[in-house]
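**Q**
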Amino acid sequence: MSVMRQIPIAMIDAGNRLRVLDPAWVRTLADDMAVGGQEEPIRVVERGDRFQLVSGARRLAAAALLAWDEIEAKVKPAGALPDEASARLAEIKADMMRGEPTVLDRARYIAAWRAVYETVHAPAKPGRKPKPRTPQEADELSAKFALNFSDAAQEALQISRRSLFLALKVATIPDETARCIALHPIARKQSELLMLADLAQPRQVAVVEMLTAEPARADSVSTAIMLLSGGAGVVEKANYERFQERFVAWKPAERHAFFELNAAEFEEWLAMRRASTRIAPALKAVG
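Numbering-wise (my numbering), the sequence shown opens with residue 211 and increments by one.
1. Assess contact between the region 292-302 and the region 270-277, defined as three or more Cβ pairs (one per stretch) separated by less than 8 Å. Is contact present?
2. Quick one: Cα of residue 216 to Cα of residue 280, how far?
3. Buried or exposed, going by whether 16 or more other CB atoms sit within 10 Å of the CB of residue 420?
4. Quick one: what's got a C-beta closer than 8 Å to residue 231's C-beta in the same chain, skipping five residues either side?
5. Nearest-angstrom Cα distance between residue 440 and residue 460?
6. Ends of the alpha helix (DSSP H) at residue 462?
7. Helix, strand or coil for residue 214? Go by DSSP, reduced to three states.
8. In chain order, which continuous runs of the alpha helix (DSSP H) of length 4 or greater are located wholly inside the region 277-320?
9. Under 8 Å Cβ to Cβ from residue 479, same chain only, skipping five residues before and after it: list those, please.
10. Mark residue 218 as exposed unless 16 or more other C-beta atoms lie within 10 angstroms of its C-beta, in which case mark it buried.
11. With a threshold of 7 Å on Cβ separation, who are the neighbours of residue 569 within its own chain once the five nearest residues in sequence on each side are excluded?
12. Residue 214 and residue 251: beta carbons closer than 8 Å?
13. Write down the C-beta distance between residue 404 and residue 417 rounded to the nearest angstrom, noting that I regard them as a contact closer than 8 Å.
14. How would you label residue 253, buried or exposed, when you count the other beta carbons within 10 angstroms and need 16 or more for buried?
15. Mind checking residue 238: buried by the 16 CB within 10 Å criterion, or exposed?
16. Mark residue 301 as exposed unless 16 or more other C-beta atoms lie within 10 angstroms of its C-beta, in which case mark it buried.
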């Protein structure tokens with residue numbers, strides 16, 4: 211049973227969170243909390259005389275940015291989440307069921323979920339540390355996990371076994387590399403991430419360095435690979451072409467909202483288009 215209380219921020223261990231915090235979101239949330247206070251408590255679990263964060267990393271970061279000493283929290287007793295696996299699973303569920311994680315976020319959540327699954331269903335045996343898995347062994351394990359993933363979980367996460375397998379492929383991108391691109395546009399593009407995951411680690415690092423340079427030396431994984439392979443530079447895409455790539459990924463509601471905001475421009479363009487289609491046949495007849 212959870213208890214609501216104010217707890218010292220200095221006593222909370224946030225740990226190595228799966229989702230990288232966007233500084234812009236944290237600042238925006240801090241501005242809102244500075245005016246309206248904290249509207250939703252964070253969730254923590256007791257760990258001795260300290261607390262482990264379960265959910266609410268952005269709220270915690272915003273409170274720290276505001277130099278608050280305490281924050282409101284729902285505190286679970288240690289027995290509710292007795293080990294790291296159960297706490298991690300609670301974090302995954304909280305993040306995946308709320309908000310819009312990127313393709314990369316979602317892949318990392320699912321991989322972490324698999325790690326919990328392995329802990330529960332295949333406890334490590336005492337002895338020497340197991341050898342690192344080969345890519346083939348990793349793929350086989352991903353396939354096995356996908357087959358054993360419950361139908362209920364697939365329905366809740368709206369993910370097929372095939373999508374699950376691809377997500378686990380994306381999650382093979384090393385943690386340090388993944389964090390470097392967590393806020394980059396390719397974090398939302400599965401095709402780009404799969405291409406990156408297929409590269410050897412040194413080439414991954416080189417590609418990411420090109421993508422995240424200031425200014426960027428490549429705008430996609432494929433472009434970076436071509437340039438690293440000695441290919442000629444590509445012609446830079448026009449602004450409207452780059453916008454189109456993002457636009458097609460939007461949800462219908464987001465597209466409709468964009469249409470409403472730009473209705474006048476669309477109507478003007480449609481009127482010009484109709485006029486041109488009427489004039490063209492007339493000119494052809496005269497000629």
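Backbone N, C-alpha and C define an ideal beta-carbon position, used for all residues, glycine too.
**A** Let me lay it out:
1. Too few Cβ pairs lie closer than 8 Å, so no.
2. Their backbone Cα atoms lie some 6 Å apart in a straight line.
3. Classification of residue 420: buried, given that the 10 Å Cβ count is 16 or more.
4. Excluding the 5 residues flanking it on each side, residue 231 has same chain C-beta neighbours closer than 8 Å at 267, 268 and 271, in chain order.
5. Distance between the alpha carbons of residue 440 and residue 460 is about 34 Å.
6. Taken as a continuous stretch (DSSP letters only), the alpha helix (DSSP H) holding residue 462 covers 462-471.
7. In this structure, residue 214 counts as strand in the three-state DSSP scheme.
8. DSSP runs (the alpha helix (DSSP H)) wholly in the region 277-320: 294-306.
9. The same chain holds no residue with a CB closer than 8 Å to that of residue 479 once the five nearest residues on each side in sequence are set aside.
10. Flag for residue 218 reads exposed.
11. The chain is shown only over 211 to 497; residue 569 falls outside these bounds and no answer can be derived.
12. Cβ distance < 8 Å, so residue 214 and residue 251 count as in contact.
13. Actually they are not in contact, since the Cβ atoms of residue 404 and residue 417 sit about 13 Å apart, beyond 8 Å.
14. Buried, because 16 or more other Cβ atoms sit within 10 Å of the Cβ of residue 253.
15. With a threshold of 16 other beta carbon atoms within 10 Å, residue 238 falls short and is exposed.
16. In summary, residue 301 is buried, with 16 or more beta-carbon neighbours lying within 10 Å of its beta-carbon over all protein chains present.
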